[in-house]
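**Q** The structure under discussion is supplied below as structure tokens; questions concerning it will follow.
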Amino acid sequence: MDFLRPASWDEALAAKAEHPTAVPIAGGTDVMVEINFDHRRPEYLLDLNRIGDLYEWEVGADTVRLGASVPYTRIMEHLRAELPGLALASHTVASPQIRNRGGVGGNLGTASPAGDAHPALLAAGAEVEAESVRGTRLIPIDDFYTGVKRNALAADELIRAVRIKKADGPQQFSKVGTRNAMVIAVCAFGLALHPETRTVRTGIGSAAPTPVRARTAEDFLNAALDEGGFWDNGKAVTPSVAKRFADLCAAACNPIDDVRGTASYRRHAVGVMARRTLTWTWESYRGARRTTEGAA
Amino acid sequence: MRVTFTVNGRPQEADDVWEGESLLYVLRERLGLPGSKNACEQGECGSCTVRLDGVPVCACLVAAGQVEGREVVTVEGLADHAEQRSGEAPARGTSLDGARRRQANGTGARTGEGTGLSPVQQAFIDAGAVQCGFCTPGLLVAADEMLERNPDPTDADIREALSGNLCRCTGYEKIMDAVRLAAARQSEGV
Amino acid sequence: MPNGAPTKITQGTPTKGGIGESTLRPDGILKVTGEFAYASDMWHEDMLWGQILRSTVAHAEIVSIDTSEALAIPGVHAVLTYDDLPADVKHYGLEIQDTPVLAHGKVRHHGEPVAVIAADHPETARRAAAKIKVDYRELPVITDEASATAPDALLVHENRTDSHIGHVAHPNIVHRQPIVRGDVTEAAKKADVVVAGDYTFGMQDQAFLGPESGLAVPEEDGGVHLYVATQWLHSDLRQIAPVLGLPEDKVRMTLSGVGGAFGGREDLSMQIHACLLALRTGRPVKIVYNRFESFFGHVHRHPARLHYEHGATKDGKLTHVKCRIVLDGGAYASASPAVVGNAASLGIGPYAVDDVEIEAVALYTNNPPCGAMRGFGAVQACFAYEAQMDKVADRLGMDRVEFRQLNAMEQGTVMPTGQRVDSPAPVAELLRRVKAMPMPPERQWESSEGADVRQLPGGLSNTTHGEGVVRGVGYAVGIKNVGFSEGFDDYSTAKVRMEVVGGRPVATVHTAMAEVGQGGVTVHAQIARTELGVAQVTIHPADTQVGSAGSTSASRQTYVTGGAVKNACELVRERVLELGRRRFGTYHPAWATAELLLEGGKVVTDGGEVLADLVDVLEGEAVEVEAEWRHRPTEPFDLRTGQGNGHVQYSFAAHRAVVEVDTELGLVKVVELACAQDVGKALNPLSVVGQIQGGTTQGLGIAVMEEIIVDPRTAKVRNPSFTDYLIPTILDTPTIPVDVLELADDHAPYGLRGVGEAPTLSSTPAVLAAIRDATGLELNRTPVRPEHLTGTA
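Chains as they are written, first to last, in numbering that gives the first Met the number 0: chain A, 0 to 295; chain B, 0 to 189; chain C, 0 to 792.
Rendered as structure tokens:
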């Protein structure tokens, strides 16, 4: 095993080009477990800790460019307003110690269906900024996950940052685990209201081979909200709409039975979380509208 | 490979480090600092919690090569770390006073009578928060860091801050007592 | 001496620090500074690392093992298999020596040791292990009672010669213990209601945090010195020496720091392997399991299937109880026979019932071996009989607590074994106390800023802001024996020395007691202070240079080794007074006539008059006594009727659980787990409460999350990690108010009662009862998972 310690991003890209099998290690919260338990013996470890750029973020007009290694703790503390869904998801990641080390780049690189960031990124809308010595490309989050623990990165590419749409409405994130802290998702659900486009986006974690959106559910809800004039009249979402939405979210799952939970439970739980997060976000949206109207 | 870094304020160097070794292994097996514990080696138990450039992390998940040039504080350095902190705080007297206090209290570590401990270490002993003690070093580092950030924590804050540290012996009640005690003593400036 | 070899711990205290006080741990400072040396912290110049190659399948014939490639790796110093074992004895075991040191021709469970390696770095050792070629021919797996006792079932162990084979119906049954008392058939006719139920109890892991570890150092005399974390040095020694082909005096053992045990260190793990490698290579060898290996490195709590039938009259008196308890012992016997005895004899719980029929069996299967864990056979039964008690009360329309109190045993009650309980048994009182404790406030998760998710089911995962959350309350009470039972010669040895050091009298207590975190060292020092009147007590490291202290299990160390320390102190005191009489007897008549005590470093009369300073009495002489001490003898249970005075003491705890359940998602938050327990006499109140809270939390774990999941098709463990075997975090654990009752047992030292295990029994059924109360579901298995609460299992 060789330990590569690039001092800059360019050096890191060069190293990855030279050694495409090199395994990037940043927070180490996935890679080191696999090494400690003898599950993996990569030829090269490519340490990204010395590359300061990866720990920075920029808040732009429409998006946040989040460095791949920004720890979850920083996201929780500093980006709650811009990225509320991801901030909530970050808070559910493992433990404080892990949140101090792990970042979204690692979640994306590992591309485990159970990664906590995925549902929030899917719901918010994001692009993965992948870079190699050949250049930079932006991979839409919807196209990023290609299979169980597989993603759209080329062998010579590294994740530089994620460009996440700034919230234009309420966002929520829920995750079910069989413990009240420090737990891997049995399944998870992210939901974002986008009042500017009058759309709702979702993300489901750990209930299919890859993180997925519940597109049919989104389409149904978008149409139902539109038809009922909900975005304008600020009425509560009717229980039948919420239930149908929840059922369609559950139907979007393609889960397995494993030691963490049954497929049947995962479907059920995704439905419950979908209904609850819709209620929470919609009530928040209504509350904000009332406040705005009251002020006006 | 060679790894050079600072542990508890002292420069350290480890040679012939295998590239897959963790910071935890280097501390325990190469530097003679076994205080950080090896309970799970998968980031689930917090027994190996150390401060890496001030931030609490699981030493088992930091590759040895990643600490090159960085600063680590382990449980072995916790008392000094806490003392320096209180020395720096304007309301708490000078660091010279701190040093005098330490000297005055400094009987041998094996006597069972207290000395040169950080407030949170003393509180763990006093509150009965130590049984087998294997989780204790990690909990102390995590609790000390929380009290540094949040000197007046609610119970829910304490539980959240320590949710990455498993204890199998105590049922956590005495640990809660200990952290509350440390916070109270800290606020009294004791 | 290697780094980390334990040294003496001396504790001096300005206070009296005797029994009844909450003195602090003598090892506390070492433990908070990181200086306390656990087994995995040991280090020796030139040491090698040991590694175990374990079977990847559960049941197979070993066709061949090829170690040549592994041996060729630079840095590898030894690779050993069964064929390399040096002595005629090649098996070990606590009671039945059925466990091969290394697999011989066959593996019987997933993760069984097949070969051991010594190398200069753990990674070298791992790479070598990966190069060993083992050719397995897989066999069908035996995983449950049906497959174990089928007429054509393969035998897990052929040619059994142990003492139980004569009374079991099938060689795949380790041991069977029936208990028959009264006439159940006749009694059942008086029952107005009869309730039957089937229950399942999952496999729990001790999950002590300090993994199995040790360092074996070869010695010049051809022997070996083993520094190890264990529960019973002398039991280890008895099993290790024959396999090494060494007399016991050439195998020296010293206890290193133990990071928890809970029963999981009663059996050997790496001990023999490390010694074999050290003797073969002539170098010190350290073995440290990681968490993955730890799940294969020790026995677990027996999973169980239980069938119960309870009958009662309409005025609430139990008429009879019938039960059958099937424990899965896995591939090797370990402590299964004794666990069966406990499950049977404590099978109906702390209730007075005249007509009883009980059967408990343990199976041999290809599942992971199971043995001792805190609560030892009484835990599984308590989960089932307490569920039954609720059901019967409900059928009768009675209050669940009152129904228990109406049937509660008390001092004088005759157990199903025919044993009359001859010390306080305040079962009804404990229930009354735990019920009387104030309830936690409703909706405590609500704050001015909305719901605090940390206090709701799901916690930080943000699954509910109050939706679907229903509160439930449940009660349970349990009974556990203290000390080793069934005629076992359960004794401890203590060596106590008194001398003057630095102008002060100092007592040194030397036992082989394994301090595993429970605080035995604290209590033993307190006993010495009380008995010898000295402030300063030194606790000598535990080793085999002194006689056996028995096991740190069965809640017995304060009782039995504490009893031995008390006894040795009394003998030392006699000798000291003897010295005093010789030296000063002529100066004061009280030396001859008065009752004399040692207090505050002085010899005093019972009237408080000071006769002499201990420093002067001892005058440079050291007084030392080593003596054994035993509790009252017990008897084996009759193999047909289960009758016999099998236990020496019983302990009791009651719990009230308050839970909040997210009924839609099936997630549980335990809000409070109150406990009332009788401890006879609290030698150290702080430690007593700590034990109760810790035991309570382990019971909570098995109620809602902890389970080793074994694939029934392959008998392979599916979740050997802390990622998927979950134990409670601080956010899963509620406040645990404790009400300690002290009703002395006149047969025990100071009237004390073993503390550690009873709280593990009743907390599980209390939590389950509370979840049933919240959900209305029947819930006949534990742990209860979200699937069971949402109909999606």
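Virtual Cβ for every residue (Gly too), placed ideally from N, Cα, C.
Under 8 Å, Cβ to Cβ, is there at least one residue of chain A near Pro785 (chain C)?
**A** Yes, Pro785 (chain C) counts as interfacial toward chain A.
**Q** Does any residue of chain A have a CB that is nearer than 8 Å to the CB of Thr153 (chain B)?
**A** No, no contact with chain A.
**Q** Which residues of the region 39-56 of chain B have a Cβ closer than 8 Å to any Cβ of chain C? Give them in chain order.
**A** So the list reads Cys39, Glu40, Gln41, Glu43, Cys44, Ser46, given in the order they occur along the chain.
**Q** Check whether the region 28-43 of chain C touches the region 34-54 of chain B, counting contact only when three or more Cβ pairs, one atom from each stretch, lie closer than 8 Å.
**A** The region 28-43 of chain C is in contact with the region 34-54 of chain B.
**Q** At which residues does the alpha helix (DSSP H) containing Pro632 (chain C) begin and terminate?
**A** Segment: none, Pro632 (chain C) is in no alpha helix (DSSP H) and carries neither H nor E.
**Q** Cα separation between Gly107 (chain B) and Leu29 (chain C)?
**A** Bear in mind that a pLDDT of 31 at Gly107 (chain B), under 50, signals an unreliable position, so the number given afterwards is only what the model happens to contain. If I take the Cα positions, the gap works out to 11 Å.
**Q** Could you pull out every unbroken alpha helix (DSSP H) segment of at least 4 residues lying fully inside the region 64-120 of chain C, listed in chain order?
**A** Whole alpha helix (DSSP H) segments, 4+ residues: 67-70.
**Q** For Glu195 (chain A), does the count of other Cβ atoms within 10 angstroms reach 16, so buried, or fall short, so exposed?
**A** Glu195 (chain A) comes out exposed.
**Q** Find the residues of chain A that neighbour Lys189 (chain C), judging by a C-beta separation of less than 9 Å, and give them in chain order.
**A** Those do not exist, as Lys189 (chain C) stays about 44 Å from chain A at its closest Cβ, beyond 9 Å.
**Q** Say the cut is 7 Å; is the CB of Phe207 (chain C) nearer than that to a heavy atom of the ligand HEM?
**A** As for the ligand HEM, it is missing from this structure, which has no ligand bound.
**Q** So if I threshold CB-CB distances at 7 Å, which residues from the region 70-91 of chain A count as touching chain C?
**A** Going along the region 70-91 of chain A in chain order, one finds Leu87, His90, Thr91 with a Cβ nearer than 7 Å to chain C.
**Q** Are the C-beta of Ala154 (chain A) and some C-beta of chain B separated by less than 8 Å?
**A** No, Ala154 (chain A) does not count as interfacial toward chain B.
**Q** Assign Arg53 (chain C) to one of two classes, buried (16 or more other C-beta atoms within 10 Å of its C-beta) or exposed (fewer than that).
**A** So Arg53 (chain C) counts as buried.
**Q** Whose C-alpha, out of B:Leu26, B:Leu30, B:Gln65, B:Gly42, is nearest the C-alpha of Leu208 (chain C)?
**A** Comparing Cα-Cα distances from Leu208 (chain C) to each of B:Leu26, B:Leu30, B:Gln65, B:Gly42, the minimum goes to B:Gly42.
**Q** When the Cβ atoms of the region 478-494 of chain C are set against those of the region 749-758 of chain C, are three or more pairs found closer than 8 Å?
**A** Yes, the region 478-494 of chain C is in contact with the region 749-758 of chain C.
**Q** Could you spell out the range, first to last residue, of the alpha helix (DSSP H) harbouring Val426 (chain C)?
**A** Counting along the chain, the alpha helix (DSSP H) containing Val426 (chain C) begins and ends at 426-435.
**Q** Beta-carbon within less than 8 Å of Val56 (chain C)'s beta-carbon, same chain only, minus the 5 sequence neighbours each way: which residues are those?
**A** The residues are Val106, His109, Tyr135, Glu137, Thr713, Lys715.
**Q** Compare the beta carbon distance of Gly319 (chain A) and Ser68 (chain A) with 8 Å and say whether it is the shorter of the two.
**A** Beyond the ends of chain A as shown, which are 0 and 295, falls residue 319 (chain A); an answer cannot be given.
**Q** In the DSSP assignment, the beta strand (DSSP E) including Pro238 (chain A) goes from what residue to what residue?
**A** Not the beta strand (DSSP E): Pro238 (chain A) falls in the alpha helix (DSSP H), residues 238-250.
**Q** Taking the alpha-carbon positions, what's the Asp167 (chain A) to Ala223 (chain A) distance?
**A** Each residue's alpha carbon lies about 20 Å from the other.
**Q** Under 8 Å by Cβ, that's how I've got Gln692 (chain C) and Val737 (chain C) pegged, so tell me the actual separation to the nearest angstrom.
**A** Correct: roughly 7 Å between the Cβ atoms.
**Q** Rounding to the nearest angstrom, what Cα-Cα distance links Pro540 (chain C) and Arg24 (chain C) in this structure?
**A** Using only the alpha carbons, I get a separation of about 15 Å.
**Q** So, for Val179 (chain C): in the same chain, excluding its five sequence neighbours on each side, which residues have a beta-carbon less than 6 Å away from its beta-carbon?
**A** So the qualifying residues of the chain are Glu356, Thr640.
**Q** Look at the alpha carbon of Leu666 (chain C) and the alpha carbon of Thr695 (chain C), and state the distance between them as a whole number of angstroms.
**A** Cα to Cα, Leu666 (chain C) sits roughly 20 Å from Thr695 (chain C).
**Q** Tell me the DSSP bridge mates of Met252 (chain C)?
**A** Its beta-bridge partners are C:Leu225.
**Q** Using a Cβ cut-off of 8 Å (strictly closer), state whether Val258 (chain A) contacts chain B.
**A** No - not a single Cβ of chain B is within 8 Å of the one on Val258 (chain A).
**Q** Which runs of the beta strand (DSSP E), 3 residues or longer, sit entirely within the region 597-681 of chain C?
**A** Entirely contained in the region 597-681 of chain C, the beta strand (DSSP E) runs reaching 3 residues are, in chain order, 601-604, 609-612, 622-629, 648-661, 666-677.
**Q** My output table needs one value for Tyr724 (chain C): the three-state DSSP class, helix, strand or coil.
**A** It is coil, neither helix nor strand.
**Q** Of all Cβ atoms in chain B, is any one closer than 8 Å to the Cβ of Thr32 (chain C)?
**A** Judged by the 8 Å Cβ criterion, Thr32 (chain C) is in contact with chain B.
**Q** Could you check what DSSP says for Trp281 (chain A) in three-state terms: helix, strand or coil?
**A** Trp281 (chain A) falls in the helix class under three-state DSSP.
**Q** Exposed or buried, which one is Leu137 (chain A) when buried takes at least 16 other CB atoms within 10 Å?
**A** It counts as exposed.
**Q** List, in order along the chain, the chain B residues whose C-beta lies closer than 9 Å to that of Ser447 (chain C)?
**A** Per Cβ cutoff of 9 Å: no residues; Ser447 (chain C) is ~13 Å from chain B at best.
**Q** So, are the CB atoms of Glu401 (chain C) and Ala768 (chain C) less than 8 Å apart?
**A** The answer is no: Cβ separation not under 8 Å.
**Q** Excluding the five sequence neighbours on either side, which residues of its own chain have a C-beta within less than 7 Å of the C-beta of Gly679 (chain C), listed in chain order?
**A** Taken in chain order, the residues that qualify are Glu741, Leu742, Ala743, Asp744, Ala747, Gly750, Leu751, Arg752.
**Q** Give me the Cα-Cα distance between His77 (chain A) and Lys164 (chain A), rounded to the nearest whole angstrom.
**A** Going from the Cα of His77 (chain A) to the Cα of Lys164 (chain A) covers about 16 Å.
**Q** Is Ile183 (chain A) close to chain C, meaning its C-beta is less than 8 Å from at least one C-beta of that chain?
**A** Yes, contact with chain C.
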